[in-house]
Amino acid sequence: MDRSGDEPRAITTEAMMPDDWEAVRAIYLEGIATRAATFETDAPDWEAWDRGRRGDCRLVARSGGRVVGWAALSPVSSRLAYAGVAEVSLYVAASARGRGIGTTLLRALIEASERAGIWTLQGTIFPENVASLALVGRSEFREVGRRERIGCLDGIWRDTILVERRSRAIGAEFIDPGPAEGDPGRSMVRCPGTFPGSRPNPPDDPSG
Numbered sequence: 001m002d003r004s005g006d007e008p009r010a011i012t013t014e015a016m017m018p019d020d021w022e023a024v025r026a027i028y029l030e031g032i033a034t035r036a037a038t039f040e041t042d043a044p045d046w047e048a049w050d051r052g053r054r055g056d057c058r059l060v061a062r063s064g065g066r067v068v069g070w071a072a073l074s075p076v077s078s079r080l081a082y083a084g085v086a087e088v089s090l091y092v093a094a095s096a097r098g099r100g101i102g103t104t105l106l107r108a109l110i111e112a113s114e115r116a117g118i119w120t121l122q123g124t125i126f127p128e129n130v131a132s133l134a135l136v137g138r139s140e141f142r143e144v145g146r147r148e149r150i151g152c153l154d155g156i157w158r159d160t161i162l163v164e165r166r167s168r169a170i171g172a173e174f175i176d177p178g179p180a181e182g183d184p185g186r187s188m189v190r191c192p193g194t195f196p197g198s199r200p201n202p203p204d205d206p207s208g
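The sequence shown: position 138 = 138 (full-length UniProt numbering), numbered continuously.
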């Protein structure tokens, strides 16, 4: 049986709908309460949450018709150069953990992201959250580095681990295996943001 006392049931994933928000928010609040998942201290309303997430990459996991987890992507920047980079959020209901739901959701989110043209997924994880670090590690995320005392939660400075996953499918068609000029050990890479006629990055965006 799972932690809710129910017999294990098949896990399905599907697009998140506004009607799912009550269950999604409850799961989000569970994660917030652990103080091991996010710097947030409360969940927003649907409208605020919806504005900050991509509409084409938000999923729920269901078991027996019940929402037991969710995953979504947020843009990291308004700059064209980072149009294919997104931040992962993924939460599983406390009563449903240990059943592989996180793995199922993350795989489905990766597939959805590649259909949407996303080439890099990134995540920010507290170092104490070993389960999340293990989850992303199984899905080919690499650890970029540790950001020390990057944010304050409940009066305590916390470190985070930045992880990322570069798609093997999106952007691969732009790679030229020849050496870069002046750097024989590095390949030239053409990307959509450098094609003739592409719009420049806005000069007033502070990111990057």
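Glycine is no exception: its CB is placed at the ideal position from the N, C-alpha and C atoms.
In its chain, beyond the 5 residues on either side, I125 have a beta carbon closer than 6 Å to the beta carbon of L133. Note that the region 154 to 168 touches the region 114 to 128; at least 3 beta-carbon pairs, one per stretch, sit closer than 8 Å. L59 is the residue among L59, R35 and A83 whose C-alpha sits nearest the C-alpha of M17.
A buried status is given to L106, since no fewer than 16 other beta-carbon atoms sit within 10 Å of its beta-carbon.
Just so you know, the alpha carbons of C57 and A15 end up roughly 8 Å apart. The three-state reading of DSSP puts S74 in strand, counting E and B together. Residue pairing of A23 in beta bridges, as defined by DSSP: absent, with no partner found.
The Cβ atoms of G31 and A37 lie closer than 9 Å to each other. Under a 10 Å Cβ-count criterion, G145 is classified as exposed, with fewer than 16 other Cβ atoms of the shown protein chains found around its own Cβ.
Within a 10 Å sphere around the beta-carbon of I150 sit fewer than 16 other beta-carbons, which makes this residue exposed. For W119, the three-state secondary structure derived from DSSP is coil.
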